[in-house]
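What follows is a set of notes on a single structure, which appears directly below.
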Amino acid sequence: MSDRPFSSTDTLSIPSFSVEDIKKNNKVRSLIICSLVPGIFCAGADLKERAKMHQSEVGPFVSKARALITELGNLPIPTIAAIDGAALGGGLEIALACDIRIASNTAKMGLVETKLAIIPGAGGTQRLPRVIGASLAKELIFAARVVDGTEACRLGLANHSVEQNSCGDAAYLRALELAREINPQGPIAIRMAKLAINQGIEVDLSTGLAIEEACYAQVIPTKDRLEGLSAFKEKRRPHFKGE
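The opening residue of the sequence shown carries number 37 in the working numbering; numbering runs sequentially from there.
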C-alpha cells in the first residue's frame, strides 16, 4: 500500500473498522472514496428505512452518521472523493469530508434535505460553507439544488471535473492519477501539512502560524527529512519510509 492509494467502494455506511484500520496503518499514503455502482457515488440515506423509524430513532441515527463522517474527515492522510455519479444528501456529506473532490461532468451533487423538510445533518451545513463560502452554500441548501460535475467545479465544490468515459469511472481514474502524484512525497510531511491546514483554517492568522510552526517541528527530526536532503544533493529520487 505504500505506493498505491487505498480505495473504498462502500456507500453511506463506511465501516468504522476500515476507518480505524487506515488511521493505524502508516503504510497507507492516500485514500480514494468511490463506488462500484454505475452512476451512483452515494445517494444518501435509505428514505424507505427512514420512514419506518420512530421519531426517537432518527436523532441517534443521524448522530452516528455524523460521527462516522467526522472520523473520515479527521483521517491524517489525504482523502479523495471520486464522484462518478450521484452524490446526494449524506453522499455529498461524505465527499465534503474528503480533502479533494473529483467529479465526472455527468455527476450530480447536492444537499437536497430541505425537499424533505429537514436539513443536512451529517456535517453538510458546516462543511459546504467552508468549501464554497456561506452565501453560495445557503443558496444550494435552501433551494435543494443539484449541480453537475462541471458546475460543481466552477463553484469550487469539486477540484476537478473530467469528461465521463464509456466505463463510467473517469473521476476514479483521475483520482488515481492525483493519488500517484501525492504518494511519493514525504508521508509525515503530508500528514503534518494536512494537520496544519485543517487546524489553521479555523483560527486567526497568528494562531495559524503557531500551528504551522508546531507541525514543522514534527518533521525536523525525521529520517525522511534527511533522506530528502540526501536525494536532492545526489540528484536522485528520494525513498521515504515514513520515519
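Just so it is clear, CB atoms sit at the ideal spot from N, CA and C, and this is done for glycine as well.
Taking C-beta atoms as the reference points, Tyr252 and Ala118 fail to come closer than 8 Å.
DSSP places Ser171 in the uninterrupted alpha helix (DSSP H) bounded by Ala170 to Ala179.
The residues Asp120, Ser140, Val198, Glu199 and Gln200, in chain order, have a CB closer than 7 Å to that of Ala206 in the same chain once the five nearest residues on each side in sequence are set aside.
In the three-state DSSP reduction, Val98 falls in the helix class (H, G or I). Under the DSSP definition of a beta bridge, Ala123 partners with Cys78 and Met145. Taking the Cβ atoms as the reference, Ile138 lies roughly 23 Å from Ala225, outside the contact range of under 8 Å.
Going by beta carbons, Ser66 and Ala215 fall inside the 8 Å limit. Under DSSP, the beta-bridge partners assigned to Ala139 are Ile119 and Ser197. Here Asp184 is bridged, per DSSP, to Lys144.
Thr161 and Lys151 have their C-alpha atoms roughly 15 Å apart.
Under the three-state reduction of DSSP, Leu67 is assigned to strand.
A straight-line Cα-Cα distance of about 10 Å links Glu217 and Ala211. In this structure, Ile105 lies away from Ala143, with their beta-carbon atoms at least 8 Å apart. Excluding the 5 residues flanking it on each side, Pro74 has same chain C-beta neighbours closer than 6 Å at Gly204, in chain order.
Glu248 sits away from Asp260, with the two beta carbons spaced by 8 Å or more.
Ile76 and Met145 have their C-alpha atoms roughly 10 Å apart. In the DSSP assignment, Arg216 falls within the alpha helix (DSSP H) that extends over Ala206 to Ile218.
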